[in-house]
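Visitor:
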Amino acid sequence: MSDIYEDDEIASNWLDLLPYHPIFKSDQLTDKFLALNLDDPYRKQSLMALIDNKHLVVAIGSELRMLDLADFKNAWSKAHFEDELALNDLFNDGVIPEWINNTKYVVLDTPSIKFVIRSITFNFEDIGSLIAVTGDYQVAVVVITRPRYETKNGKSKVLWHPLSYNGSHLMVLTEDMILRMYDVFQNLSEPEQQFFFSQNSNQDQDVSFSTEDTKAISFCFGQSQEGWGKLVVYVLLDNGDVYSMCPIIPQKCVFHKFFLDQLAYIVQKKFEETERISISKESNYHSLLNQYRQQLDWVSSIYKQITTDSDKVIYNNPLSTRRKKPKLQGPYLIQPEPVELSTHPTDASDILCLATEPLSVIVIAHNNGRVDICLEVDKVEALWQDSVEIDHPILILYECIDLGFTKDFVIPTSWRSQRITNSMNHPSLLNDPVYPDIFYVYHFAGAHGIILKGWLNDLGNAMKDVDDEKLLETFLEKKKRSDVNWIASSLPSDPDPLVGMIVISNEAELSYSILLLTSSLRLVCHELAIRKSLVSNNGIRMNDIYYSNKSSYKPLDPNFLEKVMNHHGLSHQPILMFNQNKVGSSTGSSTIGEVDYKCLSTILDLIEREGNEYWLETDEISRRFKQQTTEFQHQIQEIYKLKKNLDEFRFNRFPEISSRMQRLKERQSKLESRAYTYIQKLLYLGDPIRGEFEKSYCQTLARINQEIEGENGLKLDAYHKTLKDDYHLLSPRNPSKKSRKFVFLSGSQLHKVEEALAKEMDLIDETNRKMGEANNKINKIQKRTSFIKNDLNSFQLEHLEHSLSTNKNKKLSN
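The sequence shown begins at 185 in the numbering used here and counts up by one.
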C-alpha cells in the first residue's frame, strides 16, 4: 500500500481522538431524540458541513456549532510531542484530557432558529459566507439580517446555486415539484424565479410515468464541462422519474470564459450544420433550426456584456430572457429497466451527477439499498417552452448496485416490523471533491464508497475509436462492475442513522479523510488515500523500458498492482457503529441475538474471502518478484561482460588504433598537398595570364556591380523603389464610386481622427508659412542679383569704353 498511496500515520491518530471532543456532546438529546421516534417523518439529514476544508460545523437540535480542525490537530501534535495525550485516562476512566477541553468550539448566535435542524449547506465550500439551515417545513439563512422563509409544503432539498455572482442565490425544491430560486440578499418572501417540474404545468407532454400523488424528492446540478452541462438541473421524483431543465441561472451569475467559448463554438457548429441540411434537403428542419437560433441568440447576449479580458465573465440576465421559461425535458427513459430487489414498495431517495469522462454519470439512490448508475448519452441542451418537441431523453443503465440491507431494513420481519419500515431509510449521495469517479452513499445502515474508475477507463479506451465496434463489444462482454466498499455499518445493533457526512480534501494541512456523524452524535473518522500512478512522468511504462526480444522475461505489469491496491484507502470490512447511548444502559441487553450472529458470520465470511484473495495476490507478486530477481542477476552478468570488453579495448587495442589513425592522418595531409600542387599546375598551363580584354571586362563588371549595389548594397534598386513611391504619391487618383466603402466610426474613433487631422493641418500651415518665407527670401536674392548684374554690366561697359578710348589715343599719338 505504501508504494501506491501516500499515507500519513500521524493524521489517523488525531482523527481517532476527534470523536471525544465536547462539540459532539449535548443536553438537547432527549430520550425521544435518542430513541429515534419512528412515528415522525424521517427525511434525509445532513447535520455536518465543512468550510474552507478545516472549519467543522455541526447542527445539534436547533444549535449550530463550529470547530477549527486545524487548531484541534495542532493541540494534538503539541500534546503528542510533550507526551501529554493522557490516553489511559480517556480509554480506561472516560476522563476527557485537558488539551481536548481547551480546544474550544463556537456556538453561532441564531435566535431565529427555533426548529429542529435537519440539514445545513453552504453557498461556497471555500469561504462559506452563508449557511442555509433546513427544518421539516422551514428554511433559514444564517446571515447578518437573518432572513427566513416558510411554507406549508415540505422541503425536499436545498442547494446554493454554483454560478451565483455573490453566492446568495438559494435553490429550494419543495414536494409540490416547484423549484424556487431566492436571492437572500434581496428578498426571501418572494422568489426571484420559479421553475415548475409537474406534468400539470406542461400540457405538451404526451407520456408520463407520474401520478397526482407524486412528490419531488431531490435535485442536483449538472457537472459536465462540455456544452450546457453546468446550466442543467436534474430533479428526481419519488417514483424514480427524472426530469431536467436548461438553462437555469440566477439574475446575476458568473461564467468562466473558457466555458462560454466552447459553448458558443458548439452552438455555432450545430446551427451551421442544420442550416446546411435544411437548404440541401427537402425535410423540415425549420423547428430545429429555430431552436439553435434561440441558443445562439442567448449565447450572443452574454458576449455583448463582456467588457474585459478576464477569465471570468459577469452576466446580468435581463428580464426579457427570464420571461422565456425553460422547457421541461423528460421523464427520462432508463434502459434497460432497473432490477427490482424485492416486491416491497420502494421509493427513490437522492440523485447525483458526476463529471466523469468520457460520459457523465447520473446516480440514483433508492431507499431499499438499490443504487442505479446511468450514463448520460443524450446531452441536455437549452430548450424553451416555444421550442421544438423532442423525444424523451434516454439514460443508459450500466449497473444496479445492491447495498445489501434489503433484508434488514426493507422487508418487514418479526423482530423489526414495527421499528423499521421502508419510509425510514433515505440514502443520501455525496461526491468526492478530489476524484470525480468516486461517490459515497450514507444511509440508515451506515455508509458505502463506490469507485467507478475501473470500468470508466475501459469505456474511455473503447470510445476513442468510434469506428471500431469490436472494442465496445469487448468492453460490454467484460461486464466490469464498480468497486463497492463498506465504510461503516450500524448492524447488528439498534439503528443509529448517519445524519452527516463530509470529505476533507485538505491534504496539506489536515488529511484526506471522511467524517461521519450518527444520530447519537458519534463521530466516525476514516482516512482515505491519494492515488499515485505507477506510470513514469514521461508516460513510458516498465514494459517499454525493459522488454527485450532476446529474453523471455516480461516485467510485472503496473496494472496488476493497481488491481491489487485500488481501494482508495477504503476497505470491504466496515467500521462497526454501535449506538453509544444504548451501550451499557440499564435497558440494554448484554446477550447476543440471532441477528448478531448472522452479521458477525457475514463479516467473518468477507474477511476469509478477502484473506484468500490477498494470499493469491501475494503469491503472484512473490512469483513475479523471483522472476525479476533472476532477470536482475542476468543483467548484472551482461553488464560485467560489457565492462570487461570495454576494458580490454581501452588497454590493449586502443593504443594500436590510435597510432594507426595518426599515420592515416599524416598520409592524408600529404595527399592533399600533392593534389593542390597538381591543380595549380593545370590552371597555369590552361591560362597562365589574363588578357587586356578580360581585364577590361572584369573592371566593367565591377563598376556595374558598384553602381547597382553601392556601398551599402542595392543602390539602384532602392532608388527605383523610392521613385516608384514618389510617383504613386504624386499621381492623381480617381477612385471609382463603386469601390468606395463607407466606414462608420464610433465617437471615440471619430474624435481621434479629428485630432490627427488637426495636427496635420497645423503641419501644413506651418509648412506653407515656411515656404512663403523662403519665397520672399528667394525674391530678395533675385532682386539683389539683378542689381549686381546691372552694375556689373555698366561697369564692364565703362571699362570697355575706357579701353577703347585709351587705344584710340595711343594710335593718334603714334
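Where a beta carbon is used, it is the ideal one built from N, C-alpha and C, also for glycine.
1. If you scan the region 634–692 from start to end, which runs of the beta strand (DSSP E) of 3 or more residues do you find wholly inside it?
2. Taking Cβ to Cβ, would you say Ser230 is nearer than 8 Å to Ile304?
3. For Gln435, tell me which candidate among Lys496, Ala400 and Met365 has the shortest Cα-Cα distance.
4. Could I get the ranges of all uninterrupted beta strand (DSSP E) runs contained in the region 773–858, with 3 residues as the minimum, in chain order?
5. Hey, quick one: how far does the alpha helix (DSSP H) through Gln322 stretch, first residue to last?
6. Following the continuous alpha helix (DSSP H) through Leu1002, name the residue where it begins and the one where it ends.
7. What separation, rounded to the nearest whole angstrom, lies between the Cα atoms of Gln933 and Leu941?
8. Should the region 564–579 be regarded as contacting the region 410–427, the criterion being three or more beta carbon pairs within less than 8 Å?
9. Go through its chain and collect everything with a Cβ distance to Asn615's Cβ below 7 Å, but skip five positions before and after it.
10. Which residue comes first and which comes last in the beta strand (DSSP E) that contains Ser428?
11. Below 8 Å between beta carbons: does that hold for Leu587 and Val564?
12. Based on Cα-Cα distance, which residue from Ala270, Pro206 and Ile297 lies nearest to Gly245?
13. If you draw a straight line from the alpha carbon of Ser703 to that of His627, how long is it in whole angstroms?
14. Under a Cβ-count criterion, where at least 16 other Cβ atoms within 10 Å of its own Cβ denotes burial, should Gln154 be classed as buried or exposed?
15. Counting only runs that start and end within the region 512–542, where is the beta strand (DSSP E) found for 3 or more residues in a row?
16. Cβ atoms of Ile401 and Gln378: under 8 Å apart, would you say?
17. With C-beta atoms as the reference, is Met647 less than 8 Å away from Pro520?
18. Taking 7 Å as the limit between beta carbons, can you name the residues of its chain near Glu202, skipping five residues before and five after?
19. Please classify Gly753: is it buried, with 16 or more other beta-carbons within 10 angstroms of its beta-carbon, or exposed?
20. In chain order, what residues of the same chain lie with their CB nearer than 6 Å to the CB of Leu640, ignoring the 5 residues before and after it?
21. State the DSSP-derived secondary structure class of Pro510, mapped to helix, strand or coil.
22. Pull up the CB-CB distance for Cys430 and Tyr349, whole angstroms please, since I reckon it's below 8 Å.
23. Under DSSP, the beta strand (DSSP E) around Ala316 begins and ends at which residues?
24. Do Tyr289 and Met250 have their beta-carbon atoms positioned less than 8 Å apart in this structure?
25. Enumerate in chain order the residues of its own chain whose CB-to-CB distance from Ser989 is below 7 Å, with the five nearest sequence positions on each side excluded.
26. Ignoring anything shorter than 3 residues, give me the beta strand (DSSP E) runs that lie fully in the region 220–277, in order along the chain.
27. Can you have a look at Pro510 and say buried or exposed, based on whether 16 or more other CB atoms are within 10 angstroms of its CB?
28. In the DSSP assignment, find the alpha helix (DSSP H) that holds His353 and state where it starts and stops.
29. Label Glu583 either buried or exposed according to how many other C-beta atoms from any shown protein chain fall within 10 Å of its C-beta, with 16 as the threshold for buried.
30. Where does the unbroken beta strand (DSSP E) through His710 begin, and where does it stop?
31. Whole angstroms are fine: how far does the CA of Ser689 sit from the CA of Leu790?
32. Taking the alpha helix (DSSP H) that Leu480 belongs to, which residues open and close that run?
33. Given a cut-off of 8 Å, decide if Ser340 and Glu359 are closer than it, judged by their beta-carbon atoms.
34. Can you tell which of Ile634, Asn500 and Asp642 has the C-alpha that lies nearest to the C-alpha of Lys662?
35. Can you tell me whether Met361 is helix, strand or coil according to DSSP?
36. Using CA coordinates, which residue listed in Ile635, Thr658, Ser673 and Leu253 is at the minimum distance from Ala713?
Guide: Considering the structure as presented:
1. Entirely contained in the region 634–692, the beta strand (DSSP E) runs reaching 3 residues are, in chain order, 667–673 and 682–688.
2. By 1-based counting over the sequence shown, the position of residue 230 is 46. By 1-based counting over the sequence shown, the position of residue 304 is 120. Contact flag set, yes.
3. The residue given as residue 435 occupies position 251 in the sequence shown. For the residues Lys496, Ala400 and Met365, the minimum Cα distance to Gln435 belongs to Met365.
4. none
5. Here residue 322 is taken as the residue at index 138 of the sequence shown, counted from 1. Run containing Gln322: none in the alpha helix (DSSP H); it sits in the beta strand (DSSP E), Gln322 to Val326.
6. For residue 1002 there is no data in the structure shown, the boundaries of the chain being 185 and 998.
7. Your numbering for residue 933 matches position 749 in the sequence shown. Your numbering for residue 941 matches position 757 in the sequence shown. Rounded to the nearest angstrom, the two C-alpha atoms are 12 Å apart.
8. yes
9. Position 431 of the sequence shown, counted from the first residue, corresponds to residue 615. Non-local C-beta neighbours of Asn615 in its own chain, meaning closer than 7 Å and more than five positions away in sequence, comprise Leu536, Leu538 and Phe623, ordered along the chain.
10. As a working mapping, residue 428 is identified with position 244 in the sequence shown. That run of the beta strand (DSSP E) goes Val426 to Met429.
11. Position 403 of the sequence shown, counted from the start, is the residue given in the question as residue 587. Position 380 of the sequence shown, counted from the start, is the residue given in the question as residue 564. Not closer than 8 Å, so no.
12. Working through the sequence shown from its first residue, we reach residue 245 at position 61. Ranking the options by Cα distance to Gly245, first place goes to Ile297.
13. In the sequence shown, the residue the question calls residue 703 occupies position 519. In the sequence shown, the residue the question calls residue 627 occupies position 443. Near 11 Å, if we compare the C-alpha coordinates of His627 and Ser703.
14. Any answer about residue 154 is impossible in this case: the structure gives the chain only from 185 up to 998.
15. 517–519 and 532–538
16. Position 194 of the sequence shown, counting from 1, holds the residue named residue 378. Position 217 of the sequence shown, counting from 1, holds the residue named residue 401. Taking 8 Å as the cut-off, the Cβ atoms of Gln378 and Ile401 do not count as close.
17. The count along the sequence shown starts at 1 and reaches residue 647 at position 463. The count along the sequence shown starts at 1 and reaches residue 520 at position 336. No.
18. Here residue 202 corresponds to residue number 18 of the sequence shown, with the count starting at 1. The residue asked about is misnamed: residue 202 is Leu in this sequence, not Glu. Here the set comprises Phe256, Leu707 and Cys709.
19. Sequence index remark: in the sequence shown, residue 753 carries index 569 (1-based). Counting Cβ neighbours within 10 Å, Gly753 comes out buried, since at least 16 surround it.
20. Here residue 640 refers to the residue found at position 456 when the sequence shown is read from its first residue. Excluding residues within five positions, the ones whose Cβ falls inside 6 Å are Thr540 and Asp621.
21. Your numbering for residue 510 matches position 326 in the sequence shown. Strand.
22. As a working mapping, residue 430 is identified with position 246 in the sequence shown. As a working mapping, residue 349 is identified with position 165 in the sequence shown. Contact check for Cys430 and Tyr349: beta-carbon distance about 20 Å, past the 8 Å limit, so the pair fails to qualify.
23. Stepping through the sequence shown from its first residue, residue 316 is reached at position 132. Ala316 -> beta strand (DSSP E) spans Ile315 to Thr318.
24. Here residue 250 refers to the residue found at position 66 when the sequence shown is read from its first residue. Here residue 289 refers to the residue found at position 105 when the sequence shown is read from its first residue. Yes.
25. Within the sequence shown, residue 989 is the residue found at index 805, counting from 1. So no residue of the chain qualifies.
26. Counting whole runs of 3 or more residues, the region 220–277 contains the beta strand (DSSP E) stretches 232–235, 239–244 and 247–252.
27. Position 326 of the sequence shown, counting from 1, holds the residue named residue 510. The residue in question, Pro510, is buried, as its Cβ has 16 or more Cβ neighbours within 10 Å.
28. Taking the sequence shown and counting its residues from 1, one reaches residue 353 at position 169. His353 -> not in any alpha helix (DSSP H); beta strand (DSSP E) instead, spanning His353 to Thr358.
29. Sequence index remark: in the sequence shown, residue 583 carries index 399 (1-based). So Glu583 ends up on the buried side.
30. Position 526 of the sequence shown, counting from 1, holds the residue named residue 710. His710 -> beta strand (DSSP E) spans Leu707 to Glu711.
31. The residue given as residue 790 occupies position 606 in the sequence shown. The residue given as residue 689 occupies position 505 in the sequence shown. A straight line joining the alpha-carbon of Leu790 with that of Ser689 spans about 30 Å.
32. By one-based count along the sequence shown, residue 480 stands at place 296. Leu480 -> alpha helix (DSSP H) spans His470 to Tyr487.
33. Indexing the sequence shown from 1 puts residue 359 at position 175. Indexing the sequence shown from 1 puts residue 340 at position 156. The answer is yes: Cβ separation under 8 Å.
34. As a first step, residue 662 is located in the sequence shown; it is residue number 478 there, counting from the start. If we check each option's Cα against that of Lys662, Asp642 comes out closest.
35. To locate residue 361, count along the sequence shown from 1; it is residue 177. Coil.
36. Residue 713 sits at position 529 when you count from the first residue of the sequence shown. The residue with the shortest Cα to Cα distance from Ala713 is Ile635.
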